[in-house]
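Chemist: Dropping a structure here in structure tokens format, bear with me for questions.
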Amino acid sequence: MLRVEKLDVAYGHLQILRQVDMHIKNGEIVAILGANGAGKTTLLKSVMGLLPPKAGKVYYRGKDVTGTPTFELARQGISFVPEERNIFQAMSVEENLLLGAYYNKDKAKIAQNLKKVYDMFPRLAERRKQLSGTMSGGERQMLAIGRGLMNEPHLIILDEPSMGLSPTNVLVVFETIKTLTSQEVTIAIVEQNVHATLNVASRAYVMEHGAVVMEGTSEELSGNDYVKRMYLGQSIETENETEA
Ligand SMILES: Nc1ncnc2c1ncn2[C@@H]1O[C@H](COP(=O)(O)OP(=O)(O)OP(=O)(O)O)[C@@H](O)[C@H]1O
Ligand SMILES: [Mg+2]
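With my numbering as the guide, the letters of the sequence shown map in order to residues 2 to 245.
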């Protein structure tokens, strides 16, 4: 579905990504983990044509799409839900959702997708006429994810979808993600919520200082001592003591 090869990205003279390789197969949920500033958002933005890479390639469904503009990638079935959400505040919830279906000309299909999103997030249905700018942070998050689904993407790329949400809504987001794969959507997800993410993801990459330092299945990474210590907040010593 997606392959990134030896990607180098810089902001001016400041090189951020170094030789990043990663791939996502059809139907997978792949997580990209890493500390603040590791380069996760930079990677997603450069895949989405928002930051031209200095070197390297991006392939989508086998085709070279390096540097292809975001709207063209959207038209080809990639939805991006960025960290900053980009909700149009002066438009209603429903108007924002319909913008997500911009490339779909089939009215019946649009209505069907809208219903799916409302079933997933009843809160959005209740508030369909409300101005988006007056929605709470969590509600706006749901709206951004819902809008990403209106385009019936083959691949949805989520940058920290659970950020700022209450525990209940974090659950809603992760449940939604699980539901999506049963609807044949492939997912790339950047998250700080490492435990919950490894529970839903099939594989994951760990980034540090702009490079991929580890990759594996979610089981492999959940069981890895370094990951446990650095990302799952578990002290290995304490665990061994408990076992002894
Ligand atoms: N426009 C920019 N100009 C200069 N440096 C930038 C720019 N955007 C990001 N950076 C730097 O690039 C590095 C990677 O940032 P990035 O946003 O990709 O990290 P991240 O892994 O998404 O972090 P977080 O978990 O905090 O969202 C950081 O050191 C950041 O300061
Ligand atoms: Mg980020």
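Yeah, the Cβ is synthetic: ideal placement off N, Cα and C, and Gly gets one too.
The model shown is predicted, which means the values in this text are computed figures rather than measured ones.
1) Quick one: Cα of I188 to Cα of V201, how far?
2) Less than 8 Å between the CB atoms is what I'm expecting for A91 and K55, so what's the real figure, rounded?
3) Under the three-state reduction of DSSP, which class applies to L74: helix, strand or coil?
4) Relative to the C-alpha of Y206, which candidate in L3, S47, M23 has its C-alpha closest?
5) Quickly, what does DSSP pair Y61 with across the bridge? List them, please.
6) Tell me which residue opens and which closes the beta strand (DSSP E) that L51 is part of.
7) In chain order, what residues of the same chain lie with their CB nearer than 6 Å to the CB of L159, ignoring the 5 residues before and after it?
8) Compare the C-alpha of L74 against each of R86, P53, K130, V48 and name the closest.
9) Taking DSSP's pairing of strands, which residues face H24 in a bridge?
10) Between the stretch 148-159 and the stretch 92-110, do at least 3 Cβ pairs fall closer than 8 Å?
11) Pull up the DSSP beta-bridge partners for V31, would you.
12) Provide the residue span of the beta strand (DSSP E) that contains I79, from first to last.
13) In the DSSP output, which residue or residues are listed as bridge partners for S93?
14) Report the option in Y119, I25, M164, K26 whose CA atom is closest to the CA atom of R86.
15) Tell me the DSSP secondary structure of K117 in three-state form.
16) Looking at K130: is its Cβ nearer than 9 Å to the Cβ of S93?
17) Does DSSP classify D226 as helix, strand or coil?
18) By Cβ distance below 7 Å, which residues in the same chain neighbour I30 in space, the five residues on each side in sequence not counted?
19) Between L156, H155, E95, I111, which has its C-alpha nearest M143's C-alpha?
20) Put L18 into one of helix, strand or coil per three-state DSSP.
21) Helix, strand or coil for E216 per DSSP?
22) Which one or two residues does DSSP pair with I111 in a beta bridge?
23) Less than 9 Å between the C-beta atoms of N170 and G134, yes or no?
24) In chain order, what residues of the same chain lie with their CB nearer than 6 Å to the CB of L45, ignoring the 5 residues before and after it?
25) Nearest to S167 by alpha carbon, out of N194, D226, I88, L52?
Modeler: Result, derived from the coordinates:
1) 10 Å
2) Rounded, the Cβ-Cβ distance is 37 Å, inconsistent with contact.
3) helix
4) M23
5) L3, K64
6) From DSSP, L51 is part of no beta strand (DSSP E); its letter is neither H nor E.
7) Within the same chain, L159 has close Cβ partners V82, I190.
8) V48
9) R4
10) yes
11) Its beta-bridge partners are A189, R204.
12) Here the beta strand (DSSP E) through I79 covers 79-82.
13) S93 is bridged to L132.
14) M164
15) Here K117 carries a helix assignment [DSSP, helix/strand/coil].
16) yes
17) In the displayed model, D226 falls within a helix according to three-state DSSP.
18) I178, T182, I188, I190, V201, A202, S203.
19) E95
20) strand
21) If DSSP states are grouped into helix, strand and coil, E216 belongs with the strands.
22) Paired residue(s): none; I111 is not in a bridge.
23) no
24) Taken in chain order, the residues that qualify are I158, D160.
25) N194
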